[in-house]
Amino acid sequence: MSNNDIIVSLDIGTSKVRAIIGEMNNGTFNIIGVGSADSEGIRKGAIVDIDQTVQSIRNAVDHAERMVGIQISEVIVGISGNHIGLQTSHGVVAVSNEDREIGEEDIERVLKAAEVIALPPEREIIDVVAKQYVVDGLEGIQDPRGMIGVRLEVEATIITGAKTSIHNLLRCVEKADLHIKDLVLISLGAGQLALSKDEKTMGAVLVDIGAGSSTIAIFEEGSLKATSTLPIGGEFVTNDIAYGLRTLTENAEKVKLKYGCALHEEAAPDVVFKVQRIGSNVDKEFTQQDLAAIIEPRVQEIFELIRQEVVRLGYHELPGGYILTGGTVSMPGVLEIAREELAASVRIAVPDYIGVRDPAYTSGVGILYNVIRNIRGGGSTAGANKKAPARNKAASTPESNAKPGLIERLKNMFSEFI
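Quick look at the structure:
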């Protein structure tokens with residue numbers, strides 16, 4: 003196995019940090035390793051403690067390394083949050099080759115031209131995603147490589163983020179002794195994986211409900227149109243259970259995962275469990291219906307807030323409906339409540355790879371999927387991740403250069419004899 007064939011994604015969430023190892027082999031892609039660790043230092047999707055987050059990243063990477071038996075040194079990091087912004091841009095260049103054949107260099111140049119936009123000092127460009135290319139006035143081109151033309155244009159979506167959030171994320175990864183190969187917007191990668199071509203063209207909403215936050219991504223006309231993050235998720239359900247059953251949050255989380263049901267009608271009255279109450283050594287008995295009576299109102303509220311946010315973004319009825327993903331949607335009854343509250347077609351997206359067939363892994367696999375599409379040069383994101391001057395600069399901090407070079411190693415070697 004060659005390291006050149008291996009790519010690793012890092013999905014840093016509120017409840018879990020996941021490292022997913024993918025292998026490219028003769029044009030096919032497989033997931034060969036998954037590492038996960040409890041996430042510490044993250045609240046509602048934002049980093050609040052650097053050291054704890056670094057330790058969580060190390061734990062997840064170590065877990066993945068042990069599973070596959072290789073050392074991970076380079077990762078592709080997923081980013082999300084309410085600080086993410088989208089804006090359209092247009093780039094134009096003259097084709098540089100004498101024979102007027104459009105090459106890789108021309109695509110990179112036109113994407114660079116699209117990056118030239120006015121940005122506030124506190125914001126930074128994360129990515130440039132090509133929606134379509136135009137060659138000498140001919141529109142609708144997804145990949146212009148090899149075409150003949152004089153003038154190359156691109157209509158692109160510029161993904162920007164707050165410098166503070168971006169650099170805190172990069173700092174955590176660097177402190178975990180990892181090199182950042184690229185930064186990918188999670189909702190963009192998950193959308194490429196979870197949505198069909200028709201759904202992206204006709205219009206659909208991807209909703210990623212995690213532990214601390216829910217990310218909404220609206221796709222239309224084949225590209226990402228809007229994104230928003232709400233500070234609500236599975237943690238709110240856990241907190242409600244802790245209050246309702248008068249137990250510790252840790253116990254509430256275990257009960258939710260084992261017995262949780264979001265629909266009271268589907269909950270079984272004969273499924274009984276015991277929990278230790280706060281301030282008492284005596285366990286109290288509850289039924290799954292008791293638990294569902296606590297969970298159902300909160301899940302209804304989450305989907306009501308999601309629907310309101312989609313309307314606020316300016317979208318009412320999209321033909322593709324809603325596609326749900328994230329760890330929280332695995333709970334029985336969530337899909338039925340979503341259909342009722344959203345009044346639209348709803349389905350749950352699950353990655354179709356062995357070892358990660360769980361909605362919780364859609365983000366991590368989506369990051370890899372987005373990169374693979376770019377490697378293959380297919381789809382509307384061709385050349386999207388070619389840009390990274392600001393990221394490379396950010397990734398070149400002293401922490402990332404901590405590994406000694408040749409001269410430094412020679413000095414250290416000779417110092418042993420002095």
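Residue numbers (this note's numbering): 3 to 420.
Every residue gets a Cβ at the ideal spot worked out from N, C-alpha and C, and that includes glycine.
Since this is a predicted model, take the numbers as computed values, not measurements.
Residue closest to residue i, alpha-carbon to alpha-carbon, out of the options
i	options	result
His-85	Ala-116, Cys-174, Ile-34 and Pro-233	Pro-233
Lys-133	Arg-102, Val-336, Ser-230 and Glu-222	Glu-222
Ala-421	Leu-180, Ile-369, Gly-235 and Val-94	For residue 421 there is no data in the structure shown, the boundaries of the chain being 3 and 420.
Asn-99	Lys-114, Leu-185, Asn-170 and Val-152	Val-152
Val-257	Gln-290, Asp-272 and Gly-105	Gln-290
Asn-32	Val-70, His-65, Ser-41 and Ser-17	Val-70
Ala-295	Asp-354, Ala-270, Gly-316 and Val-313	Ala-270
Arg-45	Val-10, Ser-365, Glu-311 and Gly-235	Gly-235
Gly-105	Leu-140, Ser-91, Asp-145 and Val-79	Asp-145
Pro-299	Lys-114, Phe-238 and Val-156	Phe-238
Glu-107	Gly-148, Ile-72, Ile-74 and Ser-75	Gly-148
Leu-180	Ile-59, Val-331 and Gly-316	Ile-59
Gly-224	Gly-328, Met-204, His-266 and Gln-73	Met-204
Arg-341	Val-352, Ser-282 and Leu-265	Leu-265
Glu-42	Ser-17, Thr-240, Thr-90 and Leu-121	Ser-17
Arg-314	Ile-350, Val-348 and Ile-218	Ile-218
Gly-47	Gln-54, Gly-29, Gly-15 and Thr-229	Gly-15
Glu-10	Val-79, Ala-206, Glu-201 and Val-136	Contrary to the premise, residue 10 reads as Val rather than Glu in this sequence. Of the listed residues, the one whose Cα sits closest to Val-10 is Val-79.
Ile-160	Thr-90, Leu-172, Leu-190 and Lys-227	Thr-90
Leu-326	Asp-360, Thr-229, Ala-351 and Ala-206	Ala-351
Where residue i sits in the DSSP three-state scheme
i	result
Asn-84	coil
Met-333	coil
Tyr-280	One point to set straight first is that residue 280 is Ile, not Tyr, in the sequence displayed. Ile-280: coil per DSSP, three-state reduction.
His-92	strand
Gln-134	strand
Ala-66	helix
Ser-347	coil
Ala-213	coil
Lys-202	helix
Arg-102	coil
Asp-7	helix
Arg-341	helix
Ile-374	helix
Gly-191	helix
Ile-52	helix
Ile-369	helix
Ser-58	helix
Ala-120	coil
Gly-385	Note on Gly-385: pLDDT 36, under 50, position unreliable in the model; no value is reported.
Ala-219	strand
Same chain only: Cβ atoms within 8 Å of residue i, ignoring 5 sequence neighbours per side
i	result
Arg-125	Gly-87, Thr-162, Gly-163, Ala-164 and Lys-165
Ala-244	Leu-250, Thr-251, Asn-253 and Ala-254
Asn-170	Ile-49 and Ile-52
Asp-7	Glu-25, Met-26 and Asn-27
Asp-285	Lys-276, Val-277, Gln-278 and Arg-279
Ile-339	Ala-264, Leu-265, Glu-298, Val-301, Gln-302 and Phe-305
Tyr-1	Within the shown structure, residues of the chain are numbered from 3 to 420, placing residue 1 beyond reach of any answer.
Ala-392	The predicted position of Ala-392 is uncertain, since its pLDDT is 42 and thus under 50; no value can be drawn from it.
Ala-346	Glu-319, Leu-320, Gly-323 and Tyr-324
Residue i - containing beta strand (DSSP E), residue span
i	result
His-181	181-187
Tyr-324	324-327
Gly-246	Here Gly-246 belongs to no beta strand (DSSP E); instead the alpha helix (DSSP H) covers 236-247.
Leu-113	Careful: Leu-113 lies outside any beta strand (DSSP E), inside the alpha helix (DSSP H) at 106-116.
Asp-360	Unbroken run through Asp-360: none, as it is neither H nor E.
Val-36	30-40
Ser-230	225-232
Ala-21	18-27
Element boundaries [alpha helix (DSSP H), containing residue i]
i	result
Ala-294	290-314
Arg-173	165-177
Tyr-261	251-261
Sequence-distant residues of its chain with Cβ nearer than 7 Å to residue i (five each side left out)
i	result
Val-56	Cys-174, Lys-177 and Ala-178
Gly-142	Gln-134
Ile-150	Arg-102 and Glu-103
Leu-307	Leu-232 and Ile-234
Short Cβ contact (8 Å threshold) for residue i with residue j
i	j	result
Leu-247	Phe-288	yes
Ile-119	Ile-81	no
Ser-198	Val-209	no
Glu-110	Val-130	no
Val-301	Val-273	no
Ala-192	Gly-329	no
Leu-154	Val-97	yes
Gly-357	Arg-20	no
Gly-322	Ala-206	yes
Glu-311	Ser-230	yes
Val-112	Val-156	yes
Close Cβ partners of residue i (< 6 Å) along its chain, the five nearest in sequence each way excluded
i	result
Tyr-363	Pro-353
Ile-168	Glu-126
Gly-35	Ile-23, Ala-66, Met-69 and Val-70
Glu-76	His-181 and Lys-183
Ile-211	Gly-235, Gly-328, Thr-330 and Val-331
Met-333	Gly-262 and Ala-264
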